Amino acid sequence: MTQLHPVRHCFSASRQLLSSAVACASLALAFAAGSASADDSVPPLGWYPRDQLSAEEQEILPDFCSGNYRVPEFTRLPEGRIEAEADESTSDRDGNTVLSGDVIIRQTDQRLSADTVRWNQTSYSGQLDGSVSLASPDMVLYGESATILNGGEVVNFYNSEYSVPARHFRGTADSIETPEENKLDLTNATFTFCEPGQNDWDLAASELHLNQETGIGSAWHTRLRIKEVPVMYIPYYRFPIDDRRMTGFLDPSFTVNGEGQAEDIQIPFYWNIAPNADATIIGHHILDRGMLWETQFRHKTALLGDGELNYGYLGHDATEDDERWLINYQQSGTFGHGWSHDWVYNHLSDKDYLSDMSPAAAVDRTTHMPRRGVIQWNQRAWHFDITAEGFQTIDDSIALRNRPYRRLPQLNLNYSEVQINNWQFGQKLQTTRFTRDETATIGNSEQTLSGFDALNGDRILSDSKVAYPMEWPFGFLTPAAEYRYRAYNLTNADDTLGDFDTDISHGAPRYSVDGGLYFDREFNFFGEEYQQTLEPRLYWVKSPYISDQNEIPNFDSTRTTVTYASLFQGDRFTGGDRLADLDQISAGITTRFINASGMERFRASAGRIWYNGDRLVQLNGTTLPERDTQGTSSLLGEVEWSPGMNWSLYHTLEWNSYHDFAVQRRYGARYTSDENRFFNLATNTTQYWNNTDETV
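Quick note: to get this note's numbering, add 4 to the position in the sequence shown (first position is 1).
Printed below as a string of structure tokens:
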């Protein structure tokens with residue numbers, strides 16, 4: 005759902021200041037009320053160049069910004085008190101008063117200034133001339149002149165600029181008028197989020213009306229301009245200016261291909277159904293395909309929490325000669341007393357729908373689309389959940405034996421690592437029933453699983469751990485011991501397996517010692533103070549080989565993703581079906597550059613693993629790949645540089661020293677906004693161990 009952010013200000017307060025404050029300031033008693041001695045002036049639009057910001061403000065400001073807004077803050081005066089100052093003041097018997105020379109008037113938390121103020125006490129009207137400004141926490145107004153009519157019922161600014169610093173937008177207008185309480189009319193106005201002096205884009209309107217009572221703004225003869233060149237015209241435009249939602253059409257959009265054809269034209273309609281429900285309906289006309297309709301329905305309930313239904317439908321795809329659709333449903337909420345729930349359902353017509361249609365819904369783009377329900381309970385160190393999960397394999401060409409198992413259900417009971425007299429204890433208990441279809445149509449033929457691939461079953465998992473962490477200013481040391489136990493009751497065994505044992509159990513201990521040192525120094529780099537750290541780390545782990553694991557189906561285990569952090573994880577597999585044989589030492593080193601405000605500007609790490617023997621446990625079969633027979637792992641490294649508070653650039657590398665090639669390289673840029681919105685752009689290159697295939 006797209007919404008325009010509201011323009012937030014209090015017109016009534018501004019009108020009150022302009023009328024009552026100017027009236028009182030025209031009397032001698034107003035000067036007796038006192039005048040400010042501090043310089044509380046506000047720069048144009050409340051905008052401060054970078055070199056005028058504090059060190060803390062500069063630190064969090066992105067490098068591409070040349071400055072920032074500040075919300076005007078003045079010492080708040082008591083209600084009814086007004087302070088004013090001017091170089092000269094004259095008055096006559098007819099009620100005319102003239103204040104001239106650096107006129108400044110303050111009331112509550114607002115400040116008015118002008119070169120000259122002329123006021124008539126009889127008509128309760130006035131004229132302000134010369135660099136007229138009005139600053140408040142809500143907005144900043146500047147104009148060449150301003151008029152006050154009918155005791156402040158009508159206030160006009162001429163040849164003016166305005167800004168709302170809290171929202172980081174600004175604009176200009178030939179005139180700004182407050183015809184009624186909580187209403188603002190602008191003539192020949194502009195609006196933009198660009199920095200002052202950098203109008204990369206703006207909206208220009210002949211008339212702009214903002215009504216704070218209704219929360220609605222309207223604009224006539226609106227032009228979208230790029231570098232002040234109009235690129236789009238909208239005769240009439242109506243939009244919300246606060247958090248209240250409004251039913252109506254949203255901004256249309258379109259994409260154009262290299263031949264000048266409109267590939268996708270979108271016209272969204274927003275429906276404000278109720279305070280706790282809304283919907284967005286989007287009609288797409290897609291070139292060579294037809295009309296796609298997308299609907300997003302959202303709701304909030306006290307019992308079920310937040311829900312979202314996304315539905316897309318193309319009745320007849322002219323390219324594929326078929327109908328195509330998407331259903332995505334998500335629901336999550338809390339019941340209280342630590343209980344919560346989370347549900348997701350996906351159903352697609354075909355594997356190419358997501359790439360062909362690019363739906364607006366946030367849908368997992370995976371080969372196996374999840375259908376999952378979770379009810380969980382969390383209370384301090386305890387966690388319990390019951391999960392049911394299945395999948396839709398959208399690629400029909402994937403062999404049945406390579407499709408994931410369903411978990412119907414899985415129960416987890418965990419006791420997280422709790423410290424008692426510096427000892428840490430943890431326990432994980434899990435029971436799962438794994439099933440999958442025995443027959444399915446793959447392509448144009450029907451496949452039936454047999455033998456080992458046809459096995460389903462129940463698994464009980466128990467992981468117990470005790471550790472004794474020790475920390476000092478110069479480093480840390482953590483010895484730990486674990487015992488991992490698995491028990492299986494396998495079903496659906498056929499005659500091809502012969503005398504096959506369907507009840508299997510085994511367990512193995514795992515011992516580890518993790519330790520590191522910490523060194524640091526302070527230095528100056530281009531006038532900025534930094535602290536550099538040097539952090540060497542060693543990790544030893546050992547676990548015996550369990551030989552009967554090849555007789556167990558691989559329900560949910562995969563190899564861990566190889567990263568620098570994986571050097572210190574002590575396992576080669578995720579999931580619960582494979583207990584890796586381990587006898588290895590990992591060594592790594594990290595250096596960080598931390599500035600005076602505590603922000604990590606730069607980090608670099610490198611390390612590898614030394615193995616004592618081949619790694620015998622495999623996901624499937626007994627054949628050892630080359631990497632599990634080598635005496636060392638690949639060399640792993642990562643570098644990350646943060647030029648600003650929100651931006652970071654990073655590079656990771658996995659280098660095979662035996663054959664001198666990069667197994668994996670990754671370059672990326674990451675942005676995290678102050679509202680916790682995340683953006684990541686990366687390119688990843690993987691070269692397989694046979695040194696022949698490469699994917700990007």
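A virtual CB, placed ideally from N, CA and C, is assigned to each residue, including glycine. Values in this document were obtained by computation on a predicted structure and should not be read as measured data.
Exercise for review: Measure the CB-CB distance between residue 509 and residue 488 and report whether it falls below 8 Å.
Suggested key: It is not a contact, given that the beta carbons lie outside the stated cut-off.
Check your understanding: Using the beta-carbon count (16 or more within 10 Å), is residue 177 buried or exposed?
Key -> buried
Check your understanding: Is it true that the CB of residue 175 sits closer than 8 Å to the CB of residue 191?
Key -> no
Check your understanding: So is residue 363 buried or exposed if we call it buried at 16+ other beta carbons inside 10 Å?
Key -> buried
Exercise for review: Determine the direct distance from the alpha carbon of residue 632 to that of residue 456, and round the result to whole angstroms.
Suggested key: 24 Å
Review point. Which word fits residue 130, buried or exposed, when buried means at least 16 other C-beta atoms lie within 10 angstroms of its C-beta?
Key: buried
Practice item. Could you say if the segment 274-281 and the segment 302-315 meet the contact criterion of at least three C-beta pairs nearer than 8 Å? Key: yes
Review point. Starting from residue 210 and walking both ways along the beta strand (DSSP E), at which residues does that stretch end?
Key: 205-215
Practice item. Note down the Cα distance separating residue 214 from residue 258, rounded to an integer number of angstroms. Key: 28 Å
Review point. Where does residue 82 fall in DSSP's three states?
Key: coil
**Study point:** Start-to-end residues for the alpha helix (DSSP H) that takes in residue 64
**Key:** 59-64
Practice item. Name, in chain order, the residues that DSSP records as bridge partners for residue 562. Key: 578
Review point. What beta strand (DSSP E) runs, 3 residues minimum, are completely inside the segment 608-649?
Key: 639-645
Point to revise | Inter-stretch contact at 8 Å, needing at least 3 Cβ pairs: the segment 614-626 / the segment 654-664 | key: no
Review point. Which term fits residue 34, buried or exposed, when burial requires 16 or more other beta carbons within 10 angstroms of its beta carbon?
Key: Confidence in residue 34 is poor, its pLDDT being 35 and thus under 50, which makes the residue's placement too unreliable to answer from.
Practice item. Under 8 Å Cβ to Cβ from residue 572, same chain only, skipping five residues before and after it: list those, please. Key: The answer, listed in chain order, is 518, 541, 543, 590, 592.
Check your understanding: In chain order, what residues of the same chain lie with their CB nearer than 6 Å to the CB of residue 683, ignoring the 5 residues before and after it?
Key -> Sequence-distant partners of residue 683 (beyond 5 residues in either direction) whose C-beta falls short of 6 Å from its own C-beta, in its chain, are 675.
Review point. Shorter than 8 Å from the beta carbon of residue 268 to some beta carbon of chain D?
Key: Here there is only one protein chain, and chain D is not present.
Exercise for review: Use the C-beta contact count for residue 412: other C-beta atoms within 10 angstroms, 16 or more gives buried, fewer gives exposed.
Suggested key: exposed
Review point. Which stretch, first to last residue, makes up the alpha helix (DSSP H) that contains residue 360?
Key: 357-361
Review point. How about residue 484 and residue 533: are their beta carbons less than 8 Å apart?
Key: no
Exercise for review: Just tell me which of 464, 209, 111, 70 has its CA closest to the CA of residue 2.
Suggested key: Nothing about residue 2 can be read from this structure; the chain reaches only from 5 to 700.
Review point. Exposed or buried, what is residue 424 when buried is set at 16 or more other beta-carbons lying within 10 Å of its beta-carbon?
Key: It counts as exposed.
Practice item. From the DSSP output, in three-state form, read off residue 686 for me. Key: strand
Practice item. Check whether the Cβ atoms of residue 492 and residue 461 sit closer than 8 Å, and answer yes or no. Key: yes
Practice item. Tell me whether residue 171 sits in a helix, a strand or coil according to DSSP, three-state version. Key: helix
Practice item. Locate the beta strand (DSSP E) running through residue 231, then write down its first and last residues. Key: Element bounds for residue 231: n/a, residue is neither H nor E.
Point to revise | residue 248 burial status per 10 Å Cβ neighbour count (16 or more: buried) | key: exposed
**Study point:** Residues near residue 283 in its chain [Cβ-Cβ closer than 8 Å; skip 5 each side]
**Key:** 274, 275, 277, 299, 300, 301, 302
**Study point:** Residue from 500, 172, 295 whose Cα sits closest to the Cα of residue 271
**Key:** 295
Point to revise | Contact check, residue 103 vs residue 93, beta carbons under 8 Å | key: yes
Point to revise | beta strand (DSSP E) runs contained entirely in the segment 434-499, provided each spans 3 or more residues | key: 443-446, 449-452, 460-471, 474-476, 479-495
Review point. Which value, in whole angstroms, describes the spacing of the CA atoms of residue 677 and residue 66?
Key: Approximately 11 Å between the Cα atoms of the pair.
Exercise for review: Take residue 371 as the anchor and find which of 397, 204, 380 has the nearest alpha-carbon.
Suggested key: The shortest Cα separation from residue 371 among 397, 204, 380 belongs to 397.
Exercise for review: Compute the Euclidean distance between the alpha carbons of residue 365 and residue 285, then round it to the nearest angstrom.
Suggested key: 12 Å
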